[in-house]
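Protein chains in written order, with the working numbering: chain F, 1 to 377; chain H, 378 to 691.
Report on one structure; see the data block that follows.
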Ligand SMILES: Cc1cc2nc3c(=O)[nH]c(=O)nc-3n(C[C@H](O)[C@H](O)[C@H](O)COP(=O)(O)OP(=O)(O)OC[C@H]3O[C@@H](n4cnc5c(N)ncnc54)[C@H](O)[C@@H]3O)c2cc1C
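So this is what it looks like as structure tokens:
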């Protein structure tokens, strides 16, 4: 065991920190759930890409630096610590990108990855349907083969950032008569194709953070199938694994929240109830535990180990930690907590954490059944 | 010892519930979020007509001469309906303050309040003033102020039906603050009750895996825990009301117990209900946020749970 970083890793951290401190916008960008904010975030992504920071752990040919996972975690710590903007193309970069790298054909990789890296194409995720949320395998949106084209029909919903996105990756029932997780395929759908209707849905804050995507005989080339026909579930679950695992919510993001909380607390500590000191200490320790657990998991993975249903533990932990930290921050703010601002925005968003990327009830079922081997309910 | 409400008190509560179900449905609350004043004179008059606004106004001034014990149940109904009107500021805090000041001021204003012709607001803590834009009289520790004497700068609340204005001054005295905290606790109980009901109703309707989601133990436990929080907050709130009404010397401690429990109960109930609703609860189209945002505002206004717990210990 050696918990120190290598000199090269330290140098990488310094380089990232220097670039970020010189380049992160002084003023926060407008919300990426607005048309204006979306484009401002896309511009920011291009600046990151130009400097080689958009996708540090991707191969160089697709816009990355070929950095390792440890370096990626380091970058994330620096990124969030610097107060940099949220990643408007997080679905493309963190969810689709890794799947393309693993399952994509050389043509697909060359076609899609560089445009993801520069956010020339911003992606949304089309898994959920109105009647298929937790029970995703019951989905009914379908694609029928017509020569070299899939013809898509159905409805996807809750697509984050779908209101302004360019493309959607989704799973569709391609094999007639198939049931549950069999007979699904993973398809890449341009949202400007004829027959696609995108309806923005406002989230709690009133901004169009979600979209519903209606598909009415939408033609998509067969070449837009990612992985084998009928293999969609397996591939989708690998995205979900990534999502729940380390890539969706890296420790850096929460460490930055904890650091802001400590600063807020210290600026008012004298006037605050003693119990809040405990809660703030807990927040700091929580984020350290999450950080160490992540380095532990990644080290295990780099040593050739498997990462399986344990990723569900991660998802439960970060989402509940995030909510606790924000609740503590509101308590520190006291009466001012109701004044709309960055902490209330963060609080509302933290409420969604136990719902998206698979609800925490489903994660607990997975942990109990697949890790502990308890009987299925 | 008789820890229960009278039939009359319950009947009044039911009447107010029925009235608000009709006059203040979620569509009304939603409309008020974008309304220029966010307040409905018609609704206020209706509440005054029922005797709610003047509940704590002495009978000689046209009120019902009721006390906190009568008021808490009605404030719960206000929470249940997510009522935007300043009932808390006017009836729970403002009227008792006017009563305490007495004299010409009380004689001039209390009848107008009871008739629904005057709205009161109070300087909660010296940082914000709620509803100063519609108030006819603002009660501060330095005496009453007319809104025209103040420069009003609006502050955005997480609850779009709350109208807050910056206030730079001292907060009202402890007795008045306790009344506000008690009233907020009662409103929070009503909010908790409503969102638990919404969650339970939805859990029976929504199907996943071929079953109502309410048949999954995880969902049952979320709602059962939320109810646990509420049902143990309520007795603390009712005792606090009694202690304020009777001038019990432990009043502040009891109010703190009530407010800390009610704040936590409401926040937890909202979180649980949102969790049960899944993504649909996270949309603006769904009504849940009307209560969730109000709970977040009131859980932190009138002293946070942590602040009140500290007051209990010291
Ligand atoms: C902010 C946000 C962003 C999102 N972004 C996307 C996106 O980009 N793309 C996309 O496809 N989807 C997205 N989603 C949707 C998300 O994946 C679903 O909300 C989630 O899978 C739950 O589905 P549901 O909302 O239909 O809830 P339901 O499945 O109806 O669940 C309702 C409640 O029942 C519980 N429940 C259901 N089944 C069980 C069971 N077997 N055991 C115990 N409890 C159970 C759930 O845990 C939950 O508490 C997003 C959601 C949110 C809130």
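Built from N, CA and C at the ideal position, the CB exists for glycine as well.
Cβ of residue i within 8 Å of any chain F Cβ
{"i": "residue 394 of chain H", "result": "no"}
{"i": "residue 659 of chain H", "result": "yes"}
{"i": "residue 467 of chain H", "result": "no"}
{"i": "residue 544 of chain H", "result": "no"}
{"i": "residue 681 of chain H", "result": "yes"}
{"i": "residue 536 of chain H", "result": "yes"}
{"i": "residue 648 of chain H", "result": "yes"}
{"i": "residue 655 of chain H", "result": "yes"}
{"i": "residue 540 of chain H", "result": "no"}
{"i": "residue 686 of chain H", "result": "yes"}
{"i": "residue 528 of chain H", "result": "no"}
CB contact below 8 Å: residue i versus chain H
{"i": "residue 268 of chain F", "result": "no"}
{"i": "residue 104 of chain F", "result": "no"}
{"i": "residue 204 of chain F", "result": "yes"}
{"i": "residue 171 of chain F", "result": "no"}
{"i": "residue 19 of chain F", "result": "no"}
{"i": "residue 374 of chain F", "result": "no"}
{"i": "residue 135 of chain F", "result": "yes"}
{"i": "residue 334 of chain F", "result": "yes"}
{"i": "residue 274 of chain F", "result": "yes"}
{"i": "residue 158 of chain F", "result": "yes"}
{"i": "residue 281 of chain F", "result": "no"}
{"i": "residue 128 of chain F", "result": "yes"}
Near ligand 1: residue i beta-carbon under 7 Å from a heavy atom
{"i": "residue 359 of chain F", "result": "yes"}
{"i": "residue 137 of chain F", "result": "no"}
{"i": "residue 124 of chain F", "result": "yes"}
{"i": "residue 458 of chain H", "result": "no"}
{"i": "residue 368 of chain F", "result": "no"}
{"i": "residue 583 of chain H", "result": "yes"}
{"i": "residue 365 of chain F", "result": "yes"}
{"i": "residue 586 of chain H", "result": "yes"}
{"i": "residue 134 of chain F", "result": "yes"}
{"i": "residue 652 of chain H", "result": "yes"}
{"i": "residue 298 of chain F", "result": "no"}
{"i": "residue 596 of chain H", "result": "yes"}
{"i": "residue 603 of chain H", "result": "no"}
{"i": "residue 202 of chain F", "result": "no"}
{"i": "residue 356 of chain F", "result": "yes"}
{"i": "residue 236 of chain F", "result": "no"}
{"i": "residue 676 of chain H", "result": "no"}
{"i": "residue 656 of chain H", "result": "yes"}
{"i": "residue 290 of chain F", "result": "no"}
{"i": "residue 208 of chain F", "result": "no"}
{"i": "residue 158 of chain F", "result": "yes"}
{"i": "residue 352 of chain F", "result": "yes"}
Contacts of residue i in chain H (Cβ-Cβ under 7 Å)
{"i": "residue 32 of chain F", "result": "Ordered by position in chain H, no residue passes the 7 Å Cβ test against residue 32 of chain F, which lies about 16 Å from the chain."}
Chain-ordered chain F contacts of residue i [CB-CB under 7 Å]
{"i": "residue 533 of chain H", "result": "339, 340"}
{"i": "residue 595 of chain H", "result": "361, 364"}
{"i": "residue 651 of chain H", "result": "351"}
{"i": "residue 586 of chain H", "result": "135"}
Within chain F, partners of residue i - CB distance below 8 Å
{"i": "residue 415 of chain H", "result": "Near residue 415 of chain H there are no residues of chain F at all, since even the closest Cβ is about 15 Å away, more than 8 Å."}
{"i": "residue 551 of chain H", "result": "The premise fails here: residue 551 of chain H is roughly 16 Å from chain F at the closest Cβ pair, so nothing lies under 8 Å."}
Partners in chain H for residue i, counting only beta-carbon separations shorter than 8 Å
{"i": "residue 312 of chain F", "result": "Under the 8 Å cutoff, chain H gives no residues; its nearest Cβ is about 13 Å from residue 312 of chain F."}
{"i": "residue 116 of chain F", "result": "What residue 116 of chain F touches in chain H: nothing, since even the nearest Cβ is about 25 Å away."}
9 Å Cβ cut-off: residues of chain H touching residue i
{"i": "residue 316 of chain F", "result": "Simply none; closest approach about 12 Å."}
Proximal chain F residues relative to residue i, where beta-carbon distance stays under 9 Å
{"i": "residue 673 of chain H", "result": "330, 337, 338, 344, 347, 348"}
{"i": "residue 662 of chain H", "result": "201, 202"}
Ligand 2 heavy atom lying under 7 Å from the CB of residue i
{"i": "residue 593 of chain H", "result": "In the structure shown, ligand 2 is absent; the only ligands present are ligand 1."}
(Q) Closer than 9 Å between beta carbons: that is the criterion. Which residues of the stretch 352-371 of chain F meet it against chain H? (A) For the stretch 352-371 of chain F, which is checked against every Cβ of chain H, the residues closer than 9 Å are 352, 354, 355, 356, 359, 360, 361, 362, 364, 365.
Q) the stretch 495-520 of chain H: which residues have C-beta closer than 9 Å to a C-beta of chain F, in chain order? A) For the stretch 495-520 of chain H, the residues whose beta carbon sits under 9 Å from a beta carbon of chain F are, in order, 501, 502, 504, 505.
Q. Touching or not, the stretch 474-491 of chain H and the stretch 502-521 of chain H, by the rule of three or more beta carbon pairs under 8 Å?
A. Short answer: they touch.
Q | chain H contacts made by the stretch 210-244 of chain F, where a contact means CB separation under 8 Å | A | 210
Q: State whether the stretch 74-86 of chain F contacts the stretch 247-254 of chain F, with contact taken as three or more CB pairs (one from each stretch) at a distance under 8 Å.
A: yes
Q | Segment contact, 8 Å Cβ cut-off, at least three pairs: the stretch 212-227 of chain F with the stretch 45-56 of chain F | A | no
Q) If you pair each beta-carbon of the stretch 325-345 of chain F with each one of the stretch 484-500 of chain H, do three or more pairs fall below 8 Å? A) no
Q: Specify whether the stretch 464-475 of chain H and the stretch 558-570 of chain H touch according to this definition: at least 3 beta carbon pairs, one from each stretch, less than 8 Å apart.
A: yes
Q | Members of the stretch 444-474 of chain H that neighbour chain F once the beta carbon cut-off is set at 8 Å | A | none
**Q.** Contact between the stretch 346-365 of chain F and the stretch 317-329 of chain F (3+ Cβ pairs under 8 Å)
**A.** Here the stretch 346-365 of chain F lies against the stretch 317-329 of chain F, with 3 or more beta-carbon pairs under 8 Å apart.
Q: Answer yes if the stretch 531-549 of chain H comes into contact with the stretch 588-607 of chain H, meaning at least three C-beta pairs across the two stretches below 8 Å, and no otherwise.
A: Look at the beta carbons and you see the stretch 588-607 of chain H not touching the stretch 531-549 of chain H: under three pairs across the two are nearer than 8 Å.
Q) Does the stretch 613-623 of chain H come within contact of the stretch 434-447 of chain H, defined as at least 3 CB pairs closer than 8 Å? A) yes
Q: Tell me, please, whether the stretch 538-548 of chain H touches the stretch 505-519 of chain H by the rule of three or more beta-carbon pairs shorter than 8 Å.
A: yes
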